[in-house]
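J.:
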């Protein structure tokens, strides 16, 4: 989450969720399930799933609330 200050002195909230992988097969499944976009970086030779919409963020939150992470990342998620 980030705060963006616009020229008209309005502050907007922005979200960015990204996953990078060498292959795009898993990312396509994630995109179909959560929404969002898939891109490719020639420099890093990786595919990336990304989302910056509140709707996709809600889908991610609902998923991780139902299917907990199996590492200390779960603690970070709860914060």
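Numbering (my numbering), first residue to last: 19 to 97.
Yeah, the Cβ is synthetic: ideal placement off N, Cα and C, and Gly gets one too.
Here the structure is a predicted model, which is why all the values come from computation and not from measurement.
(1) Please name the residue in 29, 26 and 64 whose C-alpha comes closest to that of residue 40.
(2) Considering Cα atoms alone, identify which of 35, 59, 60 and 62 is closest to residue 52.
(3) What do you get for residue 54, buried or exposed, if any count of 16 or more other CB atoms within 10 angstroms of its CB means buried?
(4) Using C-beta distances below 6 Å, list every residue in its chain close to residue 45, excluding the 5 sequence neighbours before and after it, in chain order.
(5) Taking just the CA atoms, how far does residue 82 sit from residue 94?
(6) Determine the extent of the alpha helix (DSSP H) in which residue 83 is found, giving its start and end residues.
(7) Suppose the cutoff is 8 Å on Cβ atoms and the five residues either side in sequence are ignored; what does the same chain contact list for residue 75 look like?
T.: With the structure as the only source:
(1) The sequence position of residue 40 within the chain shown is 22, counting from 1. Out of 29, 26 and 64, 64 has the C-alpha closest to the C-alpha of residue 40.
(2) Working through the chain shown from its first residue, we reach residue 52 at position 34. Residue 52 has its Cα closest to that of 35, out of 35, 59, 60 and 62.
(3) As a position in the chain shown, residue 54 is number 36, starting the count at 1. Answer is buried; the Cβ neighbour count reaches 16.
(4) As a first step, residue 45 is located in the chain shown; it is residue number 27 there, counting from the start. Same-chain partners within the cutoff: 39, 56, 65 and 67.
(5) Stepping through the chain shown from its first residue, residue 94 is reached at position 76. Stepping through the chain shown from its first residue, residue 82 is reached at position 64. Put simply, the backbone Cα of residue 94 is about 12 Å away from that of residue 82.
(6) Here residue 83 corresponds to residue number 65 of the chain shown, with the count starting at 1. Taken as a continuous stretch (DSSP letters only), the alpha helix (DSSP H) holding residue 83 covers 72–84.
(7) If you number the chain shown from 1, residue 75 lands on position 57. Here residue 75 has 33, 35 and 69 as same chain residues with Cβ atoms under 8 Å from its own Cβ, once five neighbours each way along the sequence are excluded.
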